[in-house]
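Residues in the sequence shown are numbered consecutively from 359, following the working numbering. Here a beta-carbon is modelled for each residue, glycine too, at the ideal position from N, C-alpha and C.
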Amino acid sequence: MYNSKWDINTARLLEFGGGPSIAGLISAVPYVNEIIFSAHTEGERKEVEQWKFEKDGAHNWADHFKFVVNELENITGDTAWFDREKMLRQCITAIIGCDIVQDYPLSIKQDPFQIIYTSLCLEAACKTYTE
Ligand SMILES: C[S@@+](CC[C@H](N)C(=O)[O-])C[C@H]1O[C@@H](n2cnc3c(N)ncnc32)[C@H](O)[C@@H]1O
Numbered sequence: 359m360y361n362s363k364w365d366i367n368t369a370r371l372l373e374f375g376g377g378p379s380i381a382g383l384i385s386a387v388p389y390v391n392e393i394i395f396s397a398h399t400e401g402e403r404k405e406v407e408q409w410k411f412e413k414d415g416a417h418n419w420a421d422h423f424k425f426v427v428n429e430l431e432n433i434t435g436d437t438a439w440f441d442r443e444k445m446l447r448q449c450i451t452a453i454i455g456c457d458i459v460q461d462y463p464l465s466i467k468q469d470p471f472q473i474i475y476t477s478l479c480l481e482a483a484c485k486t487y488t489e
């Protein structure tokens, strides 16, 4: 999925309709320079903000980072998963709104992205099979 077709020093990734979850970005972050995270509801955005800024009550994603980094990517070392979590916190530079049914689906105008990642969002936004 993540390859060398872009310059990792400048590449921008958009997460579209990420909900309250940063799980899909754990493996992406070493390959991009910046991530814009978009979510449809204020509650979802608040969840991600709480995690990014390490607020009390934020969801604890440690087990996800350990599984992805240590098990799936087979990167060992006491701090590998922790370093990745810190890297992702820093790499997400904005948490914005999104609505796929709008002509411009992001709440804040953006420069172009090299990568757009989305998971189970368009399915949720469609109310019927034909819409
Ligand atoms: C099943 S969740 C998937 C969340 C996340 N992408 C994930 O994989 O965990 C579906 C998401 O679609 C979002 N959604 C629903 N209607 C939407 C719309 N019109 N535009 C953008 N996102 C929408 C919801 O807010 C919700 O976060």
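Three-way DSSP call (helix, strand, coil) for residue i in this model
| i | result |
| --- | --- |
| L371 | strand |
| E400 | helix |
| F471 | coil |
| G435 | coil |
| F395 | strand |
Residue range of the unbroken alpha helix (DSSP H) whose run includes residue i
| i | result |
| --- | --- |
| A482 | 480-483 |
8 Å contact criterion, which residue i and residue j should meet: CB distance rounded
| i | j | result |
| --- | --- | --- |
| I380 | L446 | 6 Å |
| R442 | I393 | Not quite, the Cβ-Cβ distance comes to about 13 Å (not below 8 Å), so this is no contact. |
| W409 | H417 | 6 Å |
Range covered by the beta strand (DSSP E) that runs through residue i
| i | result |
| --- | --- |
| A420 | Careful: A420 lies outside any beta strand (DSSP E), inside the alpha helix (DSSP H) at 420-423. |
| T451 | 450-455 |
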